[in-house]
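Peer 1: Residues 371 to 499, numbered by the working numbering, are exactly what the sequence shown covers, in order.
Glycine is no exception: its CB is placed at the ideal position from the N, C-alpha and C atoms.
Computed from a predicted structure; not experimentally measured.
Please find one structure pasted underneath; my questions will follow.
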Amino acid sequence: MERFGLSRNYSSLRTLPLQGIVLDPFSERVLSNSDSILAEVGGIVGVDCSWNMAEATFSKLKLMGLEPRKLPDVIPANPVNSGKIGKLTTAEAIASALMFCHQKEQAVEIMSIFKWGPAFLEMNSSIWK
(Lines of atoms letter the chains of each structure in order from A and count residues from 1; the text may use other names and numbers.)
(Lines give C-alpha, C1' and ligand atoms only; values in the text may rest on other atoms or scores of the structure.)
Protein backbone atom coordinates (compact mmCIF):
# COMPACT_ATOMS: atom_id res chain seq x y z
CA MET A 1 0.00 0.00 0.00
CA GLU A 2 2.84 2.36 0.82
CA ARG A 3 4.42 1.75 -2.57
CA PHE A 4 1.19 2.99 -4.18
CA GLY A 5 1.00 6.07 -1.95
CA LEU A 6 -1.99 4.71 -0.03
CA SER A 7 -0.42 4.41 3.41
CA ARG A 8 2.40 5.62 5.62
CA ASN A 9 4.98 3.31 7.14
CA TYR A 10 5.97 3.86 10.77
CA SER A 11 9.21 2.06 11.54
CA SER A 12 9.06 2.83 15.27
CA LEU A 13 6.22 2.71 17.80
CA ARG A 14 7.28 6.16 19.01
CA THR A 15 6.36 7.71 15.66
CA LEU A 16 2.78 6.41 15.60
CA PRO A 17 -0.06 8.96 15.72
CA LEU A 18 -1.17 9.96 19.22
CA GLN A 19 -4.85 9.55 18.35
CA GLY A 20 -6.80 7.16 16.21
CA ILE A 21 -7.61 3.49 15.97
CA VAL A 22 -5.22 0.56 15.94
CA LEU A 23 -6.67 -2.61 14.46
CA ASP A 24 -6.02 -5.21 17.14
CA PRO A 25 -7.41 -8.74 16.74
CA PHE A 26 -7.09 -9.24 20.52
CA SER A 27 -9.11 -6.16 21.51
CA GLU A 28 -12.37 -6.61 23.39
CA ARG A 29 -14.02 -3.71 21.54
CA VAL A 30 -15.35 -4.28 18.05
CA LEU A 31 -14.97 -1.57 15.41
CA SER A 32 -18.30 0.00 14.50
CA ASN A 33 -19.74 2.89 12.51
CA SER A 34 -19.55 5.03 15.66
CA ASP A 35 -15.74 4.93 15.41
CA SER A 36 -15.81 6.98 12.19
CA ILE A 37 -15.00 10.28 13.90
CA LEU A 38 -12.03 8.80 15.76
CA ALA A 39 -10.74 7.36 12.48
CA GLU A 40 -11.12 10.70 10.70
CA VAL A 41 -9.32 12.62 13.44
CA GLY A 42 -6.39 10.28 14.08
CA GLY A 43 -6.46 7.70 11.32
CA ILE A 44 -6.46 3.93 11.26
CA VAL A 45 -3.29 2.03 12.10
CA GLY A 46 -2.81 -1.47 10.75
CA VAL A 47 0.08 -3.57 12.01
CA ASP A 48 1.91 -5.63 9.42
CA CYS A 49 3.33 -8.64 11.24
CA SER A 50 3.26 -12.40 11.10
CA TRP A 51 0.25 -14.03 12.74
CA ASN A 52 2.82 -16.06 14.72
CA MET A 53 4.14 -12.81 16.28
CA ALA A 54 0.79 -11.03 16.60
CA GLU A 55 0.10 -11.51 20.31
CA ALA A 56 3.51 -10.19 21.42
CA THR A 57 3.37 -7.31 18.95
CA PHE A 58 -0.09 -6.13 19.96
CA SER A 59 0.69 -6.33 23.68
CA LYS A 60 3.37 -3.64 23.10
CA LEU A 61 0.83 -1.39 21.36
CA LYS A 62 -1.43 -1.22 24.42
CA LEU A 63 0.88 1.43 25.85
CA MET A 64 0.68 3.76 22.84
CA GLY A 65 -2.61 5.63 23.44
CA LEU A 66 -4.34 4.52 20.25
CA GLU A 67 -7.83 3.06 20.63
CA PRO A 68 -7.69 -0.70 19.96
CA ARG A 69 -10.52 -2.21 17.94
CA LYS A 70 -11.00 -5.64 16.47
CA LEU A 71 -12.95 -6.26 13.31
CA PRO A 72 -16.13 -8.31 13.21
CA ASP A 73 -15.93 -11.67 11.44
CA VAL A 74 -14.56 -10.69 8.04
CA ILE A 75 -13.73 -13.35 5.45
CA PRO A 76 -10.32 -12.99 3.81
CA ALA A 77 -9.85 -13.51 0.08
CA ASN A 78 -6.04 -13.43 0.07
CA PRO A 79 -4.49 -16.61 -1.34
CA VAL A 80 -2.74 -17.61 1.91
CA ASN A 81 -5.73 -17.45 4.28
CA SER A 82 -8.71 -17.39 1.93
CA GLY A 83 -11.88 -18.30 3.81
CA LYS A 84 -10.22 -18.40 7.26
CA ILE A 85 -12.39 -15.92 9.16
CA GLY A 86 -10.36 -13.18 10.81
CA LYS A 87 -6.96 -14.12 9.28
CA LEU A 88 -6.73 -10.96 7.21
CA THR A 89 -3.81 -9.30 5.53
CA THR A 90 -3.06 -5.78 6.72
CA ALA A 91 -4.59 -4.45 3.49
CA GLU A 92 -7.81 -6.42 4.06
CA ALA A 93 -8.00 -5.20 7.66
CA ILE A 94 -7.49 -1.55 6.67
CA ALA A 95 -10.02 -1.83 3.84
CA SER A 96 -12.55 -3.39 6.23
CA ALA A 97 -12.05 -0.62 8.77
CA LEU A 98 -12.47 2.00 6.05
CA MET A 99 -15.73 0.38 4.95
CA PHE A 100 -17.06 0.46 8.53
CA CYS A 101 -16.01 4.11 8.80
CA HIS A 102 -17.86 5.10 5.60
CA GLN A 103 -14.72 5.52 3.49
CA LYS A 104 -15.71 3.16 0.68
CA GLU A 105 -13.70 4.94 -2.05
CA GLN A 106 -10.46 4.53 -0.10
CA ALA A 107 -11.23 0.87 0.64
CA VAL A 108 -11.92 0.15 -3.03
CA GLU A 109 -8.70 1.95 -4.03
CA ILE A 110 -6.65 -0.18 -1.63
CA MET A 111 -8.25 -3.44 -2.71
CA SER A 112 -7.81 -2.57 -6.41
CA ILE A 113 -4.06 -3.21 -5.94
CA PHE A 114 -4.68 -6.94 -5.47
CA LYS A 115 -6.11 -9.46 -7.94
CA TRP A 116 -8.28 -10.87 -5.17
CA GLY A 117 -9.26 -7.42 -3.81
CA PRO A 118 -12.60 -7.03 -5.62
CA ALA A 119 -13.61 -10.55 -4.51
CA PHE A 120 -12.81 -9.59 -0.92
CA LEU A 121 -15.07 -6.54 -1.10
CA GLU A 122 -17.87 -8.50 -2.75
CA MET A 123 -17.84 -11.47 -0.35
CA ASN A 124 -18.00 -9.19 2.70
CA SER A 125 -20.39 -6.54 1.33
CA SER A 126 -23.27 -7.56 3.61
CA ILE A 127 -21.13 -7.06 6.75
CA TRP A 128 -20.48 -3.38 6.04
CA LYS A 129 -24.11 -2.33 5.52
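Sorted by chain position, which residues of the same chain lie with C-beta nearer than 8 angstroms to residue 482's C-beta, five sequence neighbours on each side aside?
Peer 2: Counting only Cβ-Cβ distances below 8 angstroms, and skipping sequence neighbours, we find 488.
Peer 1: Apart from the five residues just before and just after residue 493, which ones in its own chain have a Cβ nearer than 7 angstroms to its Cβ?
Peer 2: So the list reads 445, 447, once near-sequence residues are dropped.
Peer 1: What does DSSP give as the partner residues of residue 439 in its beta bridges?
Peer 2: For residue 439, which the question treats as bridged, DSSP gives the partners 393.
Peer 1: Identify whether residue 464 lies in helix, strand or coil by the three-state DSSP scheme.
Peer 2: It is helical.
Peer 1: Can you check DSSP and say which residues form a bridge with residue 415?
Peer 2: Paired residues: 392.
Peer 1: Please list, in chain order, all residues of the same chain as residue 396 whose beta carbon is under 6 angstroms from its beta carbon, the five residues on each side excluded.
Peer 2: Excluding positions up to five away in sequence, the list reads 428.
Peer 1: According to DSSP, is residue 444 part of a helix, a strand, or is it coil?
Peer 2: Here residue 444 sits in coil by DSSP.
Peer 1: Run the CB neighbour count on residue 453, radius 10 Å, all protein chains shown included, and call it buried at 16 or more, exposed below.
Peer 2: Its Cβ having fewer than 16 others within 10 Å, residue 453 is exposed.
Peer 1: What is the DSSP secondary structure of residue 450, reduced to helix, strand or coil?
Peer 2: Reduced to three states, the DSSP call for residue 450 is coil.
Peer 1: What does the alpha-carbon distance come out to for the pair residue 426 and residue 419?
Peer 2: One C-alpha to the other measures close to 10 angstroms.
Peer 1: Let me confirm a value: residue 407 is counted as buried when at least 16 other C-beta atoms fall within 10 Å, else exposed. Which label applies?
Peer 2: Label assigned to residue 407: exposed.
Peer 1: Over the uninterrupted alpha helix (DSSP H) stretch that includes residue 480, give me the two end residues.
Peer 2: Unbroken alpha helix (DSSP H) run through residue 480: 474-481.
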